[in-house]
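Be aware that the sequence shown starts at 54, since it is given in this note's numbering, and climbs by one per residue. The C-beta atom is built at its ideal place from N, Cα and C for all residues, glycine as well. If you're wondering where the values come from, they're calculated on a predicted model, not measured in any experiment. So the structure is just underneath, and the comments pick up after that.
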Amino acid sequence: MRVVIVTGAGEKAFSAGIDLKMVASGGGGAAVFSDYREGYDRLYNLKMIFTMYEELAVPVIAAINGYCLGAALEFILCC
C-alpha cells in the first residue's frame, strides 16, 4: 500500500455529524454512556484511531465531498 484515500459515500456531505434527533430522544450522546469511565474509554479509543492514521507510514488523503462536521472534522485533520 502506497497511499490511503478516505472519502464519504454521500453526495452532500463527507459526514454531517451526530444525529441530533437521536440525541434528543435519549438514544445518543451522553445517554450512550452508562458512566463516566465508559464515556472516557470510548473517547480514548476514538483518539487512538485518530493517532493510528497520523502515524501511518504512507500518506493519508481525505477527499472531502461537501460538509464535514463533528468528529469527522477532527479525523480529517489527522490526514
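Whole-angstrom C-beta distance between residue j and residue i, which should lie under 8 Å
i: Gly-119; j: Gly-70; result: The pair is not a contact, with the Cβ atoms about 12 Å apart (cut-off 8 Å).
i: Ala-115; j: Cys-132; result: 4 Å
i: Ile-117; j: Ile-129; result: 6 Å
Secondary structure of residue i, DSSP reduced to three states
i: Ile-71; result: coil
i: Leu-96; result: helix
i: Glu-108; result: coil
Nearest candidate by alpha-carbon position, reference residue i, set the options
i: Lys-28; options: Asp-88, Phe-67, Gly-61 and Ala-125; result: For residue 28 there is no data in the structure shown, the boundaries of the chain being 54 and 132.
i: Val-56; options: Glu-107, Ser-87 and Asp-94; result: Glu-107
Delimiting residues of the beta strand (DSSP E) encompassing residue i
i: Ile-129; result: It is not in any beta strand (DSSP E) - Ile-129 instead sits in the alpha helix (DSSP H) that spans 124 to 129.
i: Ile-114; result: 113 to 116
i: Val-56; result: Neither: Val-56 is in no beta strand (DSSP E) and is coded neither H nor E.
Limits of the unbroken alpha helix (DSSP H) element including residue i
i: Gly-86; result: Looking at the sequence itself, residue 86 is Phe, so the reference to Gly does not match. First-last for Phe-86: undefined, no H or E at that position.
Residues that residue i bridges to, as DSSP identifies them
i: Tyr-120; result: Ala-66
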